[in-house]
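**Q** Before I ask anything, here is the structure I am working with.
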Amino acid sequence: MTATPTATTIPATATVTAIGRKASLVARLRGGATITGLAIVVLVFGAGLAAPLLATHGPDAQSADALAGPSGAHLLGTDEFGRDLLSRVLHGIRVDVFITAAAVPTGAFIGTAIGLLSGVHRYLDVVLQRLFDIMLAFTALVLGVTIAAIQGPGTTAIVLTVIGVNIPLFGRLTRDAVISQRDRDYVIAARVVGTRPTRVLFRHILPNSVDALIVQAALSLSLAVFIEGAMSFVGIGVRPPDPSLGSLLRTSINFLSQNPAYALGPMVVVTALVIGFNLIADGLNKGLLRR
Amino acid sequence: MLAYSLRRVPSALLVLLVASMLVFAVLRLAPGDPAVVLAGPDPTPQAVEAVRTQLGLDDSLASQYFHWLGGLLTGDLGDSYILGAPIATLIGSGLGATLELTLAALVLAILIGGTLGLALGAGRRRTVRTGAGAVTGLAFAVPPYVSGVLLVLLFSIAWPILPAAGRVALLDDPEIAAQYLLMPALCLALPAAAVIARFLAASLRRVQDEDFVQTGIAKGISARRLLFRHVLPNALPPVITALGIQIGQLLGGAIVVEAIFAWPGIGQLLLNAVLGRDYLLVQDLLLLAVAVSVILQTVTDLAHAAIDPRLRPEAR
Amino acid sequence: MSEQPLLQVRDLVTRFHTPRGVVRAVDGVSFDVHAGETVALVGESGSGKSVTAMSVLDMVRRPGRIESGQVLFKGRDLLTLNEPEMREVRGAGIGMIFQDPMSTLNPLMRIRDQIIEGVRGLSRHQARDRAVEVMTQVGIPDPEARLRDYPHAYSGGMRQRVMIAMALANRPDLIIADEPTTALDVTVQAQILDLLATLGRELGTAVVLITHNLGVVARLCDRAMVMYGGRIVERAPVDELFTAPQHPYTAGLLAATPRLDAGRDVRLVPIEGRPPDLIAKSTGCAYAPRCPAAEDRCRTETPLLGPGERAAACLLPGPFTNADAGTDSAPDTRAAGEVSHARLPLAFDSEPLLEVRAISKHFAVRRGWGRNKGSVRAVDDVSLTIAPGETLGLVGESGCGKSTLGKVVLGIHPATSGEVRYDGTTLTKASLRTVRRGVQMVFQDPYSSLDPRMTVGALLREPLQVNDIARGEKADARVAELLELVGLGSEAGSRYPHEFSGGQRQRIAIARALAVDPRVVVCDEPVSALDVSLQAQIVNLLRELQERLGLAYLFIAHDLAVVRHLSHRIAVMYLGRIVEMGPADEITRSPLHPYTASLLSAVPEPDPRVEHTRERIILTGDLPSPLNPPAACRFHGRCPIGPTRFPERSICATTTPPLAEHSPGRTVACHFPGELTIAGTTSTSSRPQEIHA
Amino acid sequence: RSALHEASGKGTGKGGPAAGGILRIAQSSDIQPATVFGHNNPNMTICRTVFNTLIEYDHKTLQPLPGLAQSWELKGDTLTFRLRPGVTYHSGRPFDARDVVFAITNLHKDNVSSQLKHVAKAIADIDSDGLDVRLKLARPMSNVFDLFEILVIPDRESIAELAKGSRIIGTGPFRVASYSPGAGLKLRRNEKYFKPSRPYLDGVDITIVSQSQSMLSSMRSGQTHLVLDIAPLDAVGITNDRRFKVVAADPYDSAYYVASNVSVKPLDDKRVRQAIAWGIDRQRILDQVLGGIGTTSSLPWSPTSPAYDAAKARHYTYNPDRAKELIREAGARGARLDIVYNAGLGANARIAEIVQYNLSQAGIDARAVPLQAADFQGRLTGGKLPGLFVNGHGFGQLAPATLVKGAFPFNADKNASNFVSPEYQSIANALWSAADPAATKAASDRVNDFLLDQQFVTDLVTSAHTFTVTKRLRGLAYSMFDYLNLDDAYLD
Ligand SMILES: Nc1ncnc2c1ncn2[C@@H]1O[C@H](COP(=O)(O)OP(=O)(O)OP(=O)(O)O)[C@@H](O)[C@H]1O
Ligand SMILES: Nc1ncnc2c1ncn2[C@@H]1O[C@H](COP(=O)(O)OP(=O)(O)OP(=O)(O)O)[C@@H](O)[C@H]1O
Ligand SMILES: [Mg+2]
Ligand SMILES: [Mg+2]
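This is the structure we're talking about:
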């Protein structure tokens, strides 16, 4: 649960179902944190998705007017190729939207699937646990560097990295949840009335583990933004000329004295996104996981 | 306790063996060839071929793998393809720098995170809790590559009191070295501190609800003693787990921070080795990362046992 | 001196400010406690007992707040003290003992340090001596050594002793004990209660005992206060409370409590309805909605508790003479209760429906990499049979293997050895599904046995679907029928489990078990988690269902009174083995096994007259670990007539007594059956004195 | 004590040269000792500080001046060097002719690479005698002295350790006091340097700083005095800081180009390649990427090169219409083309971005594809780049033959563009053999016309290596290959 990659673990003890105090989803999300976080994220991502409408310039349209400060024509000024920065920031958000939308669910899905397998299969569990150990040993950036080497820098590398980071996170979480749930009375009760193991797994255990997974998902989204930034920052991220928050930030740092707004734009957006996702996670944590 | 650590050895070795295969395979999937890098700019194909032979890259993959593994078992890490130097020396010097950085960051993270966590989780006044929450949130949300740059702008350029880049070994000249160390360590420590603060705060809140705390109050002991003798120790285990993970993270995060502050550590070494397809060096470094995380896990478990008598072997 | 009460609580109001609203947990409570007396505070769960206790020590936590009132301790109002002054009172003036000894000690601190840190005014060295002293006082052997241990090395009973020692360390004038024995086994409970009583007497310490167990009140207390909905509704000397309760709630509680010495065929009288919602602002008597005698004015006028020794907050106070059933106590329901259960024959001649043959279940205890560290012999060579329509009660202390046996019967755990046969079919992996259509289960905790993510309808439909019993509209009809059967409306189907109370949830769990039309239901402590009034409802329901559907039950419980009330036969389990089995009445009247006798004598009866006259067998020690159970007769180490008392009876430690027929229908596994009776005397007149010691 | 204060170093404070001080240099990648025999940018800081070369070109006249060689004589096919006496290696061993012989024959080995290997290989015979070295040339070569400008003469006894970086021994003004691979190295004054009372500096500390921003930060904080080859755009942060200046090395030997793999459609069509040459806004590259350092040019030569032709250098101008037209003609509208570049080099990445934008304006569906250094180099060498590639080359500053024989993109025998043409081979060889300036001029005219027409390499800008320095640094010099020469440098 951090800005630092992969520290996104929730203590296994948190996998407690809200037995006895389950309220409607809305009520559980009523905490201000979740709503604030959601609002931030929706605002930022919405702006990104609406970039073609909102952006005043093409994100790649170069001009001779390089590194101009903010003005009426360019609200955030221009970059070193005379491109409009606001438009680039808006389009840059799209990249992060894509990465988070494509990679986090994929990683979560694969991780959860492996975790389920690990949770129900004792011998496989031993193997998979060691595998997770190894995967977790590759911290996000180490994994990113390695993948970028194989795959070449670019969005695909980031997506693969985010997937790779999330697999063991969700895997562990799911597995722990399954193991903590599988001997509970309600699971045994379901077995006793004749429900088959797969149905027990998917109808009973999984839905009751989902709270922890949702919280992890929120954290993973912020992690994805972070990974994009860090990878782009070390130069193995999104390919030019496509803008991304991380790559904008990375380049902007050279031009702090020319156009401070260059750095400011992406910095504010990245920070806002990370805070937004974390607020959501915090809110969900309080609402869903509280015992 | 020793017996307990020993019992983990087989499983650790297995992990390392599997990891060694993965690590060996992984980079060889990458396009690019260290021989080309080594042959210098504008090389002739003959030159590249000669370098390949010289490095042993024309051997079969299996033989390369076993050669590497054999070397490892006899304590020979091999020579770096690109840098030429023995890898043991390279890792030795880089590891020193990285350890210095991560340890300093760890200390800072524990100090900052611990303070914030206590304020956040056990602060009496609402303002204290809110303030700590805001600081934690910010430390959490600002990635090191942003905070690093901001720190440099502030303390090296706007108000030049700390060096912007480079390192002096702590043992050589502690006074000067500390000044080099401060900013990178802080930059690396902040996110970790935020994580620690959050885990600690959450854990403190949870423990404060436990029955034995009521017992303590009913006994009439002071709030301070209650916090530090009863609540805090019981709140530590999840924090230790988080800390174990964070140390791994610090080592990983070092890649970015070392780049920003030109800190000559493992992170730089790894990044350049991967870019240069310095197979052996990358293999050794990645395997080292796995080994470190295996060790960290054991240490974490031992730390748990040190705190909690229920987990000690004699209690089983 | 004794004129002024030690503790005077005046108009105490404590509220919790939650997002859902303000919870009036304590709503104007006043009471006195005099030096040296033992006062009970009884009431159902949620009635405000704990919050009252916490308020006295000003320990209510957020979001709770003491809104008004006074707590005068030796004439000083505690609520006006500052933090350091209050700390002096806590521990030194008033000691506190909490419910769950497993969680009330700091697991990371040595026992010694935990005791010493609360001791005032003594040097560290003196404090250590004091620690040894109090540990000796509460009966912990070898205190010097045990003080160095961490709590995990102590059993539950010992931890509760430590808690008591801790409370005693400063020689407080008052000890508040909040359900100190609820989490403990009956035999251990008896030890602890005994200890409390002795200490109160010997040290002259006043004790406020919070409990929901009326038996405990009867056994231990001088006076009692009954709480309901955040208020004290009745106050009386214990004898009068039990014989002539003035408040209908008190009378209701008594009527709902099963008793060992009552007739088995008398229906328990549950209190209908649910406890009051402490958020809603109510007018009138909080008990009015549930009160069978309520009149219109009860709903508008708030009754107040009068002054004096004996008072009830009721507009139409009793007395409801409860002692002899048949009089006009709780008038209407009691009459209905007279329609007793049909008495079933005690001997079932038909073929057994369920047969358990020489079942053993051992759990391997693993540590690290595949290294076995021995095994827990949870169930060891147990055989029993259940006939159609019969209830076999299974009693025993916590950890003796009751649940495990139940789970083996259902194939949840595969047996290590032995065989389970249902209706002629041997339970195997292949026949599991067939057997489970005949044998079902109801669990102890109604809060955890229902999937919180499913509607009640979906929960009940699941067994129908997966077993291809009914689908679509037929299934819906069946669900409605099941709900009806357990006394819930069919509209319950669209709601989620959390929207129901504990008792209602248990009904749902029963309905689910009945969905597949089983002939045997294993009930694993189905009422242990419920308040007496709910317990009575469920017990009645189970009996009703048995009569209507001819169900057979394996009824697992640790409460002998409930088991006796429901069962035709009872099997008593000790450390994985059955030590005695026989007809329910006979076993409770004249137990053959010394363990059964001890168990019976340890159960406090909700009747002060009985409690004051009867002699008790207090077992020493705790249940041994099933990891390495004692050899031969597993009870021999704690047996009051075993080799620890009579050294020549070495046979108990060397030869395992077989479970043998003693008289028709009664089997017992003891070398000296029938020697120890409930009265605590040996029937063989040889050595009566030693037993009394 | 302040680390910052100590790092900025004490100057002489005398307004003139004086002994003392440590010069602190930052460069982005580590030195590669194994490749000191050719031109390899990271080695620019050690080639002339730790080592020496036989001759040193005069930057104006391009005439050789004495280095380790005191004098020389080229008679027919025989070149004789007379070496400087009394020179010793850092190891203490005296330098002699055998070291020179070794250095040249060493270049014959396959695993030793140098862009001037072709010259070394064309030396048929070497013999030595005390301090005299006689070389027999197998053929006339217009660029033979380029070899001796580039070739450092290391200690022959420690050559194996040199490759590993464990002992780096030369005759230069500084000896290597310590080298930690990946981190940097410390050079200390060679007390026995053959130039009397030189160098002034006590030493040079070279640090590897991968992030250009970090280099600048350390420069601004006073911690670093000289930064090598920071991309001009990255350096904008300090260009208006009066304490610093950016020195463009006058050989102007850093040219940027976009080249075509002619075996990839539609780049096999000359018109498409010409269209690319017309379609790129060179001026914007010069301004926005290279900070105005250098000149736009359609030719590979430095303006100082004998082959430079100002008129031809302006042959291609930014003419998007012309480009569109040609592309339409060739039927390549909407063709999908990858523009590959080495992601590790900031300037290349940015040029690729402009090229990508210009080409997409011209009607080509161009994508910029970064490759990591090892990958890019590998594919470049193997001629396996998938379409267009942006890169830089040197060697336009010296004898024109060195470019067509030694700079890989132009190599007539084998090049990254897979461009093989007998005609090109023959004119390239003619340029190599050209014996006098007139012949050179004629041969290079033909080469120029050929290159301008074929455009397998489209030159964009002729720029320079840069040294970003604090103005306190005086006496900075460099060779024609931009090897840093600190003989006369001192900190004011
Ligand atoms: N922290 C809290 N927040 C909100 N309501 C609370 C809180 N603690 C107690 N209550 C409410 O106060 C009322 C009284 O609780 P209390 O714990 O005193 O009951 P009790 O009589 O001790 O019951 P039990 O037998 O279950 O211990 C209950 O309705 C409970 O829901
Ligand atoms: N899955 C298991 N693994 C290991 N030991 C177990 C397992 N389940 C039960 N046991 C052990 O078996 C013994 C009997 O447990 P069981 O739950 O059957 O007791 P019980 O009589 O139902 O007790 P309670 O009244 O507390 O429910 C206990 O010592 C318990 O620790
Ligand atoms: Mg309570
Ligand atoms: Mg049980």
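Residue numbers (our numbering), protein chains in the order written: chain A, 168 to 458; chain B, 26 to 341; chain C, 57 to 749; chain D, 3 to 494. Just so it is clear, CB atoms sit at the ideal spot from N, CA and C, and this is done for glycine as well.
Which residue wins for smallest C-alpha separation from A/Leu216, given the options A/Gly239, A/Phe422 and A/Arg255?
**A** Considering only alpha carbons, the answer is A/Arg255.
**Q** Does the beta carbon of B/Arg335 sit closer than 8 Å to a beta carbon anywhere in chain A?
**A** No, B/Arg335 lies away from the interface with chain A (no Cβ there is under 8 Å from its Cβ).
**Q** Would you say the beta carbon of C/Ser505 comes nearer than 7 Å to a heavy atom of ligand 4?
**A** Checking the Cβ of C/Ser505 against ligand 4 gives no.
**Q** In the DSSP assignment, find the alpha helix (DSSP H) that holds A/Phe337 and state where it starts and stops.
**A** Segment Thr322 to Arg349, the alpha helix (DSSP H) holding A/Phe337.
**Q** Pull out every residue of the region 264-297 of chain A whose Cβ sits closer than 7 Å to any Cβ of chain B, in chain order.
**A** Taking 7 Å as the Cβ-Cβ cut-off against chain B, the residues of the region 264-297 of chain A that qualify are Arg297.
**Q** One question on the structure: do A/Ala231 and A/Gly204 come within less than 8 Å of each other, judged by their Cβ atoms?
**A** Taking 8 Å as the Cβ cut-off, A/Ala231 and A/Gly204 do not qualify as a contacting pair.
**Q** Going straight from the alpha carbon of C/Asp205 to that of C/Arg166, what length do you get?
**A** Cα to Cα, the separation comes out at about 6 Å.
**Q** Which one of B/Leu215, B/Arg249, B/Pro185 and B/Pro59 has the shortest CA to CA distance from B/Ile272?
**A** Among B/Leu215, B/Arg249, B/Pro185 and B/Pro59, the Cα nearest to that of B/Ile272 belongs to B/Leu215.
**Q** Would you say B/Gly359 lies against chain C (beta-carbon separation less than 8 Å)?
**A** Given that chain B is displayed from residue 26 to residue 341, the structure contains no residue 359 of chain B and the question cannot be resolved.
**Q** Tell me which residue opens and which closes the alpha helix (DSSP H) that C/Thr644 is part of.
**A** Where C/Thr644 is concerned, the enclosing alpha helix (DSSP H) stretches over Ala640 to Arg645.
**Q** When every heavy atom of ligand 6 is checked, does at least one fall within less than 7 Å of the C-beta of C/Glu100?
**A** No copy of ligand 6 appears in this structure; the ligands present are ligand 1, ligand 2, ligand 3 and ligand 4.
**Q** What do you reckon, is the C-beta of A/Thr371 under 7 Å from a heavy atom of ligand 2?
**A** The identity of residue 371 of chain A in the sequence shown is His, whereas the question assumes Thr. Not under cutoff, so the answer is no.
**Q** Do C/Met214 and C/Val95 have their beta-carbon atoms positioned less than 8 Å apart in this structure?
**A** No, the Cβ-Cβ distance between C/Val95 and C/Met214 is not below 8 Å.
**Q** Nearest-angstrom Cα distance between D/Pro175 and B/Gly290?
**A** So the alpha carbons of these two residues sit roughly 30 Å apart.
**Q** When you get a sec, list the residues whose CB is within less than 7 Å of any heavy atom of ligand 3, chain order please.
**A** Those satisfying the condition are, in chain order, C/Lys105, C/Ser106, C/Gln155, C/Asp234, C/Glu235 and C/Ile266.
**Q** How about C/Pro119: is its Cβ closer than 7 Å to a heavy atom in ligand 1?
**A** Correct: C/Pro119 has its Cβ closer than 7 Å to ligand 1.
**Q** Can you confirm whether the region 252-268 of chain D touches the region 459-468 of chain D when touching is taken to mean that 3 or more C-beta pairs between the two stretches lie within less than 8 Å?
**A** Enough Cβ pairs lie closer than 8 Å, so yes.
**Q** Does any CB atom of chain A fall closer than 8 Å to the CB of B/Gln308?
**A** No, no contact with chain A.
**Q** Buried or exposed: A/Asn445, going by 16 or more other Cβ atoms within 10 Å of its Cβ?
**A** Flag for A/Asn445 reads buried.
**Q** Measure the CB-CB distance between B/Phe237 and B/Val264 and report whether it falls below 8 Å.
**A** Going by C-beta atoms, B/Phe237 is not nearer than 8 Å to B/Val264.
**Q** What I want to know is whether the C-beta of C/Glu581 ends up closer than 7 Å to one or more non-hydrogen atoms of ligand 4.
**A** Yes, ligand 4 has a heavy atom inside 7 Å of this Cβ.
**Q** Can you have a look at D/Ala364 and say buried or exposed, based on whether 16 or more other CB atoms are within 10 angstroms of its CB?
**A** With 16 or more Cβ atoms within 10 Å of its Cβ, D/Ala364 is classed as buried.
**Q** From the DSSP output, which residues share a beta bridge with D/Leu344?
**A** The sequence as given places Asn at residue 344 of chain D; Leu does not occur at that position. DSSP, once it has assigned bridges, lists D/Leu373 as partnering D/Asn344.
**Q** Considering just the uninterrupted stretch of the beta strand (DSSP E) at C/Ser86, what are its terminal residues?
**A** C/Ser86 -> beta strand (DSSP E) spans Gly77 to Val89.
**Q** When you compare the CB positions of B/Leu126 and B/Leu115, do they come within less than 8 Å of one another, or not?
**A** The answer is no: Cβ separation not under 8 Å.
**Q** Could you name each continuous alpha helix (DSSP H) segment of 4 residues or more that falls completely within the region 405-461 of chain D, going from the start of the chain to the end?
**A** Listed in chain order, the complete alpha helix (DSSP H) runs (minimum 4 residues) inside the region 405-461 of chain D are 424-435 and 439-456.
**Q** Less than 8 Å between CB atoms is the rule here; does B/Pro188 satisfy it with respect to chain C?
**A** No - not a single Cβ of chain C is within 8 Å of the one on B/Pro188.
**Q** Does any residue of chain B have a CB that is nearer than 8 Å to the CB of A/Pro301?
**A** The residue asked about is misnamed: residue 301 of chain A is Ile in this sequence, not Pro. It does: the Cβ of A/Ile301 has a partner Cβ on chain B nearer than 8 Å.
**Q** So, with DSSP's three-state summary, where would you put C/Thr447?
**A** Here C/Thr447 sits in strand by DSSP.
**Q** Please confirm if B/Phe165 has its CB atom under 8 Å from at least one CB of chain A.
**A** Yes, B/Phe165 counts as interfacial toward chain A.
**Q** Classify C/Gln562 as buried or exposed, calling it buried when 16 or more other Cβ atoms lie within 10 Å of its own Cβ.
**A** Classification for C/Gln562: buried.
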